[in-house]
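If you read the protein sequences in the order shown, they are chains D and X.
Residue numbering for the first sequence follows my numbering, starting at 1 and increasing by one per position.
Residue numbering for the second sequence follows my numbering, starting at 1 and increasing by one per position.
A quick write-up on the structure given underneath.
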Amino acid sequence: MIVILASGLDREARDLANSWKGYDARILTAEDLHRPGWAFRPDDGAQDGTCVVAGSVVGAKDIELALTCRPSVLPEELTSLHPEERQYVAAEMTAFLVAWLTSLTCPVFNRPTATSLCGPAWSVEHWRIQVVRCGGRWARTGADLHSACVIGDQCFNAPNDRLERVLRQLAIAANVRFLRALCNSESVVSVSSLPRCDTDQLRDAILRDAGLAP
Amino acid sequence: MDAVRSALRDLGREAVFLDQRRNSSMRVRLKPSRRGDVNGSISSAGEALNLGEIGSAYIRPIETRKAMPEPDVEGKALQHAIAVDTTLIAWSDLTSAQVVNRPSAMASNHSKPYQASLIRNLGFRTPRTLITTDPAAASQFVKSHACVVYKSISGVRSVVSRLSGSDPEALQDVANCPTQFQEYIDGHEVRVHVVGRTTISTKIDSGASDYRYAHLTDANVTMEPIAIDESLSAKCVKMASAMGLHLAGIDFRVSPSGDWYCLEVNPSPGFTFYEAATGQAIGRAVAELLCELAQENCGDGTPRNGSSG
Numbered sequence: 001m002i003v004i005l006a007s008g009l010d011r012e013a014r015d016l017a018n019s020w021k022g023y024d025a026r027i028l029t030a031e032d033l034h035r036p037g038w039a040f041r042p043d044d045g046a047q048d049g050t051c052v053v054a055g056s057v058v059g060a061k062d063i064e065l066a067l068t069c070r071p072s073v074l075p076e077e078l079t080s081l082h083p084e085e086r087q088y089v090a091a092e093m094t095a096f097l098v099a100w101l102t103s104l105t106c107p108v109f110n111r112p113t114a115t116s117l118c119g120p121a122w123s124v125e126h127w128r129i130q131v132v133r134c135g136g137r138w139a140r141t142g143a144d145l146h147s148a149c150v151i152g153d154q155c156f157n158a159p160n161d162r163l164e165r166v167l168r169q170l171a172i173a174a175n176v177r178f179l180r181a182l183c184n185s186e187s188v189v190s191v192s193s194l195p196r197c198d199t200d201q202l203r204d205a206i207l208r209d210a211g212l213a214p
Numbered sequence: 001m002d003a004v005r006s007a008l009r010d011l012g013r014e015a016v017f018l019d020q021r022r023n024s025s026m027r028v029r030l031k032p033s034r035r036g037d038v039n040g041s042i043s044s045a046g047e048a049l050n051l052g053e054i055g056s057a058y059i060r061p062i063e064t065r066k067a068m069p070e071p072d073v074e075g076k077a078l079q080h081a082i083a084v085d086t087t088l089i090a091w092s093d094l095t096s097a098q099v100v101n102r103p104s105a106m107a108s109n110h111s112k113p114y115q116a117s118l119i120r121n122l123g124f125r126t127p128r129t130l131i132t133t134d135p136a137a138a139s140q141f142v143k144s145h146a147c148v149v150y151k152s153i154s155g156v157r158s159v160v161s162r163l164s165g166s167d168p169e170a171l172q173d174v175a176n177c178p179t180q181f182q183e184y185i186d187g188h189e190v191r192v193h194v195v196g197r198t199t200i201s202t203k204i205d206s207g208a209s210d211y212r213y214a215h216l217t218d219a220n221v222t223m224e225p226i227a228i229d230e231s232l233s234a235k236c237v238k239m240a241s242a243m244g245l246h247l248a249g250i251d252f253r254v255s256p257s258g259d260w261y262c263l264e265v266n267p268s269p270g271f272t273f274y275e276a277a278t279g280q281a282i283g284r285a286v287a288e289l290l291c292e293l294a295q296e297n298c299g300d301g302t303p304r305n306g307s308s309g
């Protein structure tokens with residue numbers, strides 16, 4: 001089973017789940033987190049426990065790959081709760097998922113940090129400094145921009161070898177297995193560790209990196 | 001913060017205080033280099049601070065909105081303050097100056113079970129824990145331990161409460177949100193403050209489940225300085241260092257049979273609470289640490305200024 005952690009309103013996540021139907025891909029939403037069925041004993045590890053995915057209770061050991069397509073659970077999506085409780089419950093759910101996802105032994109794109117469910121919660125300024133440290137140039141805007149991606153050991157659509165080296169270094173610096181950047185031949189304009197894979201090329205690359213496809 | 005500033009003055013060391021409440025009038029510019037340095041400047045009220053001259057910094061940031069002088073401020077003033085705070089957080093994480101403590105290192109405390117896994121990996125015992133939305137699993141856990149507490153996972157509303165009885169109706173509520181249950185360790189608490197390579201330890205006895213909130217239930221709290229085993233002290237120092245923390249408040253419960261259980265590593269400890277009760281000079285130790293770190297950070301041996309904010 002592949003678990004995609006996303007909002008129930010996330011169309012891209014739904015498209016991804018559909019494209020991976022053959023791998024039993026399901027979306028784990030905030031609604032799943034307030035259904036009976038979660039049991040996580042941190043001392044024993046996530047694999048020995050149970051979770052709720054797409055409304056069903058499943059064994060965590062059945063998860064072969066997890067994609068974290070959100071940095072946190074938002075209070076606004078907890079519409080079944082009293083408004084005064086939403087902020088607190090969203091914080092609890094996010095903190096829980098940080099621990100649970102960290103404990104999963106299957107591949108996770110991207111492993112959470114204490115500040116975000118999908119890698120480091122770096123600000124634009126932080127990414128800018130890291131790009132420079134990795135030998136790249138940062139620009140606030142640019143022309144002829146396109147999206148490049150690092151997945152595991154592979155880099156896709158980098159405009160040239162120099163920027164490919166920069167992006168690979170950046171992924172290592174950020175300790176992520178999925179990194180997406182908007183760049184042109186000279187500079188990087190934006191970076192994200194949110195694993196958005198909207199092409200078959202990227203989707204297949206994730207499956208290969210996770211060992212689920214040849 | 002005031003305790004450290006006062007101690008630095010007593011040590012005759014100059015420190016610059018950056019008041020987060022004045023962020024709306026500050027300007028911050030960062031200049032990264034390929035060598036890895038992050039220099040730049042902070043200017044406020046006509047004065048400028050060269051970030052490259054900072055040898056050590058003590059930071060206790062709070063959420064920007066809470067730091068604003070007018071709580072309901074919106075618009076450009078708030079946006080600017082957020083931008084300043086965000087930039088300073090980035091600097092704090094990336095600068096080669098020594099920071100007590102870097103924001104990324106402090107963040108592990110935002111998820112208690114996540115931090116607990118780090119604590120276990122570093123060789124400390126932690127209480128048995130279950131996080132669940134399953135009333136049956138919660139009931140089973142309660143039955144298998146003499147006493148159980150429940151506590152928040154995120155640190156928001158972080159008050160430890162003992163579970164009274166095993167009312168099955170009460171446990172039905174766990175379905176609403178993952179809830180953290182832990183075996184209660186009878187005995188007393190010890191707070192070990194790690195300051196650099198040293199530890200300052202305080203024994204706490206209280207009738208409350210959470211001594212920090214004993215005043216809410218009129219429960220008693222007594223504190224006294226204690227000496228801990230040297231090997232335990234070294235282990236605490238090592239754990240703080242492994243977590244990237246120069247300063248930490250490590251909470252233990254010690255069972256009647258002498259087993260030490262680590263509950264939490266507080267990366268921004270409110271040490272004045274313990275200092276006031278026991279006279280332990282924790283603030284001075286932090287000030288001395290900042291001076292030492294600034295000295296170490298300066299390549300030519302010239303002491304740099306400390307900075308706090």
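For glycine and all other residues, C-beta sits at the position ideal for the given N, C-alpha and C.
Item to check | Option in X:K235, X:G258, X:A276 with minimal Cα separation from N121 (chain X) | outcome: Sequence index remark: in the second sequence, residue 121 (chain X) carries index 121 (1-based). Of X:K235, X:G258, X:A276, the residue nearest in Cα terms is X:K235.
Checklist entry - Mind pulling the beta strand (DSSP E) runs of 3 or more residues that sit fully within the region 6-47 of chain D? => result 25-28
Next on the checklist: Residues of chain D with CB closer than 8 Å to the CB of T246 (chain X), please, in chain order.
Outcome noted: Your numbering for residue 246 (chain X) matches position 246 in the second sequence. Sequence inspection shows His at residue 246 (chain X); the Thr mentioned does not correspond to that position. Within chain D, no residue comes near H246 (chain X); the closest Cβ sits about 18 Å away, beyond 8 Å.
Checklist entry - Just curious, the alpha helix (DSSP H) that I82 (chain X) is in, first and last residue? => result What you label residue 82 (chain X) is simply residue 82 of the second sequence in a count that begins at 1. From DSSP, the alpha helix (DSSP H) with I82 (chain X) extends over 75-94.
Checklist entry - By the criterion of Cβ-Cβ separation under 7 Å, what are the contact partners of R34 (chain X) in chain D? => result Translated into positions along the second sequence, residue 34 (chain X) becomes position 34. Ordered by position in chain D, the residues that pass the 7 Å Cβ test against R34 (chain X) are V132, R133, G135.
Item to check | D173 (chain X) classed as buried or exposed, judged by whether at least 16 other C-beta atoms fall within 10 angstroms | outcome: Numbered from its first residue, the second sequence carries residue 173 (chain X) at position 173. So D173 (chain X) ends up on the exposed side.
Checklist entry - Which whole runs of the beta strand (DSSP E) in the region 48-130 of chain D are 3 residues long or more, in chain order? => result 50-53, 56-59, 65-68
Item to check | Proximal chain D residues relative to A116 (chain X), where beta-carbon distance stays under 7 Å | outcome: In the second sequence, the residue the question calls residue 116 (chain X) occupies position 116. Under the 7 Å cutoff, chain D gives P42.
Item to check | Spatial neighbours of S108 (chain X) in its chain, beta-carbon cut-off 8 Å, leaving aside the 5 residues before and after | outcome: Walking along the second sequence from the start, residue 108 (chain X) turns up at place 108. Correct list, in chain order: Y114, Q115, L118, M243, V265, P267.
Checklist entry - Which bits of chain D does L130 (chain X) rub up against, with CB to CB less than 8 Å? => result For the purposes of this step, residue 130 (chain X) is taken as the residue at position 130 of the second sequence. Neighbours of L130 (chain X) on chain D, chain order: A39, F40, R41.
Item to check | Supposed close pair L78 (chain D), A90 (chain D) - CB separation, criterion 8 Å | outcome: Walking along the first sequence from the start, residue 78 (chain D) turns up at place 78. Walking along the first sequence from the start, residue 90 (chain D) turns up at place 90. Their Cβ separation, rounded to whole angstroms, is 6 Å, which keeps L78 (chain D) and A90 (chain D) in contact under 8 Å.
Item to check | Unbroken alpha helix (DSSP H) run spanning V286 (chain X), endpoints | outcome: The residue labelled residue 286 (chain X) in the question sits at position 286 within the second sequence. Annotation for V286 (chain X): the continuous alpha helix (DSSP H) segment containing it runs 282-297.
Checklist entry - Do you know offhand how far K112 (chain X)'s Cα is from G46 (chain X)'s? => result The residue given as residue 112 (chain X) occupies position 112 in the second sequence. The residue given as residue 46 (chain X) occupies position 46 in the second sequence. Roughly 43 Å separates the two Cα atoms.
Next on the checklist: Counting only Cβ pairs nearer than 7 Å, list the residues of chain D close to N176 (chain X).
Outcome noted: On the second sequence, residue 176 (chain X) is found 176 positions in, with the first residue counted as 1. In chain order: H34.
Next on the checklist: What are the residues in the region 88-99 of chain D lying within 8 Å of chain X by C-beta distance?
Outcome noted: Y88, V89, A91, E92, M93, T94, A95, F96, V98, A99
Item to check | E224 (chain X): first and last residue of the uninterrupted beta strand (DSSP E) it sits in | outcome: Position 224 of the second sequence, counting from 1, holds the residue named residue 224 (chain X). Segment 221-226, the beta strand (DSSP E) holding E224 (chain X).
Checklist entry - Does I129 (chain D) have its Cβ less than 8 Å from a Cβ in chain X? => result Against the first sequence, residue 129 (chain D) aligns to sequence position 129. Taking Cβ atoms only, chain X reaches closer than 8 Å to I129 (chain D), which makes this a yes.
Checklist entry - If we ignore side chains and look at the alpha-carbon of each, how far apart do R35 (chain X) and P61 (chain X) end up? => result Along the second sequence, one-based indexing puts residue 35 (chain X) at 35. Along the second sequence, one-based indexing puts residue 61 (chain X) at 61. Going from the Cα of R35 (chain X) to the Cα of P61 (chain X) covers about 28 Å.
Checklist entry - Using the beta-carbon of each residue, which ones in chain X are nearer than 8 Å to T102 (chain D)? => result By 1-based counting over the first sequence, the position of residue 102 (chain D) is 102. Neighbours of T102 (chain D) on chain X, chain order: Y114, S117.
Item to check | Local conformation of M106 (chain X) per DSSP, three classes | outcome: As a working note, residue 106 (chain X) is residue 106 in the second sequence. Shown here, M106 (chain X) sits in a helix according to DSSP, grouped into three states.
Item to check | For A48 (chain X) and S33 (chain X), the rounded distance between their alpha carbons | outcome: The residue labelled residue 33 (chain X) in the question sits at position 33 within the second sequence. The residue labelled residue 48 (chain X) in the question sits at position 48 within the second sequence. Approximately 20 Å between the Cα atoms of the pair.
Item to check | Spatially closest choice to S161 (chain X) from X:V148, X:I282, X:S43, by CA coordinates | outcome: In the second sequence, the residue the question calls residue 161 (chain X) occupies position 161. It is X:V148 whose Cα lies nearest to the Cα of S161 (chain X).
Item to check | beta strand (DSSP E) segment containing N43 (chain X), residue limits | outcome: Start at 1 with the first residue of the second sequence, and residue 43 (chain X) comes out as number 43. According to the sequence provided, residue 43 (chain X) is Ser. The question's Asn does not apply to it. It spans 38-44 - the beta strand (DSSP E) in which S43 (chain X) sits, taken as one unbroken run.
Checklist entry - What in chain X is Cβ-close to A114 (chain D), meaning under 7 Å? => result Here residue 114 (chain D) corresponds to residue number 114 of the first sequence, with the count starting at 1. Contacts between A114 (chain D) and chain X, judged by CB atoms closer than 7 Å, involve A107, S108, H110, S111, Y114 in chain order.
Checklist entry - For S123 (chain D) and chain X, any beta-carbon pair shorter than 8 Å? => result Along the first sequence, read from residue 1 onward, the residue named residue 123 (chain D) stands at position 123. Taking Cβ atoms only, chain X reaches closer than 8 Å to S123 (chain D), which makes this a yes.
Next on the checklist: Which residue marks the beginning of the alpha helix (DSSP H) containing N121 (chain X), and which one marks its end?
Outcome noted: Taking the first residue of the second sequence as position 1, residue 121 (chain X) is located at position 121. Where N121 (chain X) is concerned, the enclosing alpha helix (DSSP H) stretches over 112-121.
Checklist entry - Going by C-alpha distance, which of X:V38, X:G75, X:I82, X:V221 is nearest Q20 (chain X)? => result As a working mapping, residue 20 (chain X) is identified with position 20 in the second sequence. Here the closest residue by C-alpha is X:I82.
Item to check | Cβ pair count under 8 Å reaching 3, the region 115-126 of chain D against the region 6-22 of chain X | outcome: no
Next on the checklist: Between V166 (chain D) and S193 (chain D), how many whole angstroms is the CB-CB distance? I'm expecting something under 8 Å.
Outcome noted: For the purposes of this step, residue 166 (chain D) is taken as the residue at position 166 of the first sequence. For the purposes of this step, residue 193 (chain D) is taken as the residue at position 193 of the first sequence. Contact between V166 (chain D) and S193 (chain D) is ruled out by a C-beta separation of about 15 Å, above the 8 Å threshold.
Item to check | The beta strand (DSSP E) enclosing F273 (chain X), as first and last residue numbers | outcome: Sequence index remark: in the second sequence, residue 273 (chain X) carries index 273 (1-based). From DSSP, F273 (chain X) is part of no beta strand (DSSP E) but of the alpha helix (DSSP H) over 272-278.
Checklist entry - Checking contacts by CB at 8 Å: is H126 (chain D) closer than that to chain X? => result Position 126 of the first sequence, counted from the start, is the residue given in the question as residue 126 (chain D). Judged by the 8 Å Cβ criterion, H126 (chain D) is in contact with chain X.
Next on the checklist: To the nearest angstrom, how far is the alpha carbon of P303 (chain X) from that of S96 (chain X)?
Outcome noted: As a position in the second sequence, residue 303 (chain X) is number 303, starting the count at 1. As a position in the second sequence, residue 96 (chain X) is number 96, starting the count at 1. Residue placement at P303 (chain X) cannot be trusted, given a pLDDT of 39 that sits under 50; what the coordinates show is reported in the next sentence. Approximately 15 Å between the Cα atoms of the pair.
Checklist entry - Roughly how many whole angstroms lie between the Cα atoms of R125 (chain X) and C262 (chain X)? => result Here residue 125 (chain X) refers to the residue found at position 125 of the second sequence. Here residue 262 (chain X) refers to the residue found at position 262 of the second sequence. If you take the alpha carbons of R125 (chain X) and C262 (chain X), they lie about 6 Å apart.
Item to check | Contiguous alpha helix (DSSP H) assignments of at least 4 residues, all confined to the region 141-215 of chain X | outcome: Within the region 141-215 of chain X, the complete alpha helix (DSSP H) runs of at least 4 residues are 168-171.
Item to check | Where L30 (chain X) meets chain D, residues with beta-carbon distance less than 7 Å | outcome: Along the second sequence, read from residue 1 onward, the residue named residue 30 (chain X) stands at position 30. Residues of chain D passing the Cβ test: E125, I129.
Checklist entry - So, using beta-carbon positions, are L179 (chain D) and C149 (chain D) closer together than 8 Å? => result The residue given as residue 179 (chain D) occupies position 179 in the first sequence. The residue given as residue 149 (chain D) occupies position 149 in the first sequence. In contact: L179 (chain D) and C149 (chain D) (Cβ atoms closer than 8 Å).
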